[in-house]
Amino acid sequence: KELLINHLDPKPTVLSERFKFYHAVQGKEETTSRIVARLRDIASRCNFTDFNARMLDQFIMGLQSREAQEHLLQCDLSELTMNNAFEKVCAMDRSRQEALNFRINDTPSTSDVNRLDSTMVCNQCGLKGHWKKDCR
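Going by this note's numbering, the first residue of the sequence shown is number 212, and it counts up by one from there.
Encoded structure:
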């Protein structure tokens, strides 16, 4: 019975798990927390003797953000741990999102632009609602 179970549902080999690990990259919509959890899950089946070093390497190589990769690659390896690399990338993610939100909230709406145009006085004819270049 056990032979049949192993034949029909074989356990993945350590090498196949390592293959998955080394090819794991962050998906476009995948959060930093999620890629770390996924890497930890795969790595747990890889029998690494240097688990933390392998995690750090693959985390950096698999990041979606080239900016975050470049930042981490400039760090001193003797001072870089998986935990502080994770914290740095999360901080960069937050900063990027806050900047994006600021730009979105700072952009004038169409109604604001239209309102400005309707109060604008033409320098050619003196009427409101259009620019000199649009005057007939």
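Where is the CB? At the ideal position from N, CA and C, for every residue including glycine.
Could you give the residue range of the alpha helix (DSSP H) that holds residue i?
i    : result
S244 : 243-254
E228 : 225-233
Excluding five sequence neighbours on each side, which residues of the same chain lie with their C-beta closer than 8 angstroms to the C-beta of residue i?
i    : result
E309 : none
F232 : L250, I253, A254, C257, R265, Q269
F262 : A254
S306 : none
V225 : R256, C257, N258
L173 : Since the displayed the chain opens at 212 and closes at 347, residue 173 lies outside it and no answer follows.
Considering only their Cβ atoms, is the gap separating residue j from residue i smaller than 8 angstroms?
i    : j    : result
K239 : Q275 : yes
A254 : M266 : yes
C243 : C301 : One point to set straight first is that residue 243 is Thr, not Cys, in the sequence displayed. It is a contact, given that the beta carbons lie within the stated cut-off.
F313 : V247 : no
E281 : M303 : no
Keeping to the same chain, check which residues put their C-beta closer than 6 angstroms to that of residue i; ignore five residues upstream and five downstream.
i    : result
V236 : G273
M293 : N263, M266, L267
H341 : C333
S227 : none
Take residue i and list the residues in its own chain whose beta-carbon comes closer than 7 angstroms to its own, dropping the five residues that flank it on each side.
i    : result
F259 : R265
C161 : Residue 161 lies beyond the residue range present for the chain, which begins at 212 and ends at 347; the question has no answer from this structure.
R229 : C257
Ordered list of alpha helix (DSSP H) runs contained in the segment 269-305, each at least 4 residues
277-284
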